[in-house]
Amino acid sequence: MQPAEGGSTPLTEEEEQRARAVLFSDLGNIIGERGWVRFPAYSPEERRRLVDIAHRLSAHWGQRVFIEAEDQCAMKLYLAGYGSQPVNPPLPSAGL
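Just so we're aligned, residue 1248 is where the sequence shown starts under this note's numbering, counting upward by one.
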(Lines of atoms letter the chains of each structure in order from A and count residues from 1; the text may use other names and numbers.)
(Lines give C-alpha, C1' and ligand atoms only; values in the text may rest on other atoms or scores of the structure.)
Protein backbone atom coordinates (compact mmCIF):
# COMPACT_ATOMS: atom_id res chain seq x y z
CA MET A 1 0.00 0.00 0.00
CA GLN A 2 1.44 3.38 -1.00
CA PRO A 3 0.86 6.57 1.02
CA ALA A 4 -1.28 9.28 -0.55
CA GLU A 5 0.60 11.86 -2.59
CA GLY A 6 2.52 14.01 -0.13
CA GLY A 7 1.50 11.78 2.79
CA SER A 8 3.81 10.32 5.38
CA THR A 9 4.89 6.71 5.57
CA PRO A 10 4.27 5.06 8.96
CA LEU A 11 7.39 4.19 10.92
CA THR A 12 8.23 0.63 11.85
CA GLU A 13 8.16 -0.17 15.57
CA GLU A 14 11.97 0.01 15.73
CA GLU A 15 12.05 3.35 13.88
CA GLU A 16 9.37 4.73 16.19
CA GLN A 17 11.34 3.69 19.28
CA ARG A 18 14.53 5.29 17.91
CA ALA A 19 12.67 8.50 17.00
CA ARG A 20 11.19 8.76 20.50
CA ALA A 21 14.57 8.08 22.13
CA VAL A 22 16.23 10.84 20.10
CA LEU A 23 13.39 13.30 20.80
CA PHE A 24 13.47 12.42 24.52
CA SER A 25 17.19 13.21 24.65
CA ASP A 26 17.32 16.24 22.34
CA LEU A 27 14.14 17.96 23.50
CA GLY A 28 14.90 17.10 27.13
CA ASN A 29 18.32 18.77 26.85
CA ILE A 30 16.82 21.94 25.38
CA ILE A 31 14.03 22.10 27.96
CA GLY A 32 16.60 21.53 30.71
CA GLU A 33 18.70 24.44 29.43
CA ARG A 34 16.04 27.07 28.75
CA GLY A 35 12.79 25.74 30.21
CA TRP A 36 10.90 25.23 26.94
CA VAL A 37 11.12 24.06 23.35
CA ARG A 38 8.98 24.54 20.24
CA PHE A 39 8.88 21.62 17.83
CA PRO A 40 7.06 21.02 14.54
CA ALA A 41 4.17 18.57 14.53
CA TYR A 42 2.26 18.38 11.27
CA SER A 43 0.28 15.19 11.80
CA PRO A 44 -1.73 13.62 14.62
CA GLU A 45 0.98 10.94 14.91
CA GLU A 46 3.67 13.58 15.46
CA ARG A 47 1.51 15.32 18.08
CA ARG A 48 0.88 12.04 19.91
CA ARG A 49 4.61 11.34 19.87
CA LEU A 50 5.35 14.72 21.48
CA VAL A 51 2.66 14.21 24.12
CA ASP A 52 4.29 10.89 24.99
CA ILE A 53 7.71 12.57 25.20
CA ALA A 54 6.32 15.21 27.57
CA HIS A 55 4.87 12.46 29.80
CA ARG A 56 8.13 10.50 29.75
CA LEU A 57 10.17 13.60 30.62
CA SER A 58 7.77 14.38 33.48
CA ALA A 59 8.24 10.88 34.90
CA HIS A 60 12.01 11.02 34.38
CA TRP A 61 12.48 14.41 36.07
CA GLY A 62 9.71 14.14 38.67
CA GLN A 63 8.57 17.54 37.43
CA ARG A 64 5.66 18.12 35.09
CA VAL A 65 6.45 18.98 31.49
CA PHE A 66 3.47 20.79 29.98
CA ILE A 67 2.57 20.62 26.29
CA GLU A 68 0.33 22.79 24.15
CA ALA A 69 -0.37 23.36 20.50
CA GLU A 70 0.94 26.74 19.39
CA ASP A 71 -0.71 26.48 15.98
CA GLN A 72 -1.55 23.79 13.42
CA CYS A 73 2.13 23.07 12.81
CA ALA A 74 3.94 23.41 16.15
CA MET A 75 3.80 22.19 19.72
CA LYS A 76 5.47 23.73 22.76
CA LEU A 77 6.82 21.63 25.62
CA TYR A 78 7.70 23.59 28.76
CA LEU A 79 8.28 23.60 32.48
CA ALA A 80 6.12 25.59 34.91
CA GLY A 81 6.79 29.30 34.49
CA TYR A 82 7.68 29.04 30.79
CA GLY A 83 4.18 28.62 29.34
CA SER A 84 1.96 30.90 27.36
CA GLN A 85 1.46 34.43 28.49
CA PRO A 86 -2.13 35.69 28.73
CA VAL A 87 -3.30 37.60 25.68
CA ASN A 88 -4.30 40.57 27.86
CA PRO A 89 -1.97 40.55 30.89
CA PRO A 90 -3.38 42.22 33.98
CA LEU A 91 -2.55 45.88 34.43
CA PRO A 92 -0.34 46.82 37.39
CA SER A 93 -2.35 47.77 40.43
CA ALA A 94 -2.57 51.45 41.31
CA GLY A 95 -1.68 50.72 44.93
CA LEU A 96 -5.09 51.65 46.30
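Using N, Cα and C, we set each Cβ at its ideal position, and we do this for glycine too.
Since the structure is predicted, the reported quantities are computational estimates derived from the model, not experimental observations.
Return the Cβ separation of residue i and residue j in integer angstroms, given the expectation that the two are a contact with Cβ distance under 8 angstroms.
i, j, result
"Ile1314", "Leu1324", "5 angstroms"
Let me know the secondary structure DSSP gives residue i once reduced to three states.
i, result
"Ala1327", "coil"
"Ala1266", "helix"
"Val1298", "helix"
"Ala1316", "strand"
Is the beta carbon of residue j closer than 8 angstroms to that of residue i?
i, j, result
"Ala1316", "Pro1287", "no"
"Arg1296", "Arg1265", "no"
"Val1269", "Ile1278", "no"
"Thr1271", "Arg1294", "This sequence places Phe at residue 1271; Thr is not what is there. Result no, Cβ atoms of Phe1271 and Arg1294 do not sit closer than 8 angstroms."
"Leu1274", "Ile1300", "yes"
For residue i, count neighbouring Cβ atoms within 10 angstroms of its own Cβ and tell me buried if that reaches 16, exposed if not.
i, result
"Ala1306", "exposed"
Among the options, whose alpha-carbon lies nearest the alpha-carbon of residue i?
i, options, result
"Gly1328", "Arg1311, Glu1260, Thr1259", "Arg1311"
"Gln1319", "Gly1330, Pro1291, Glu1262", "Pro1291"
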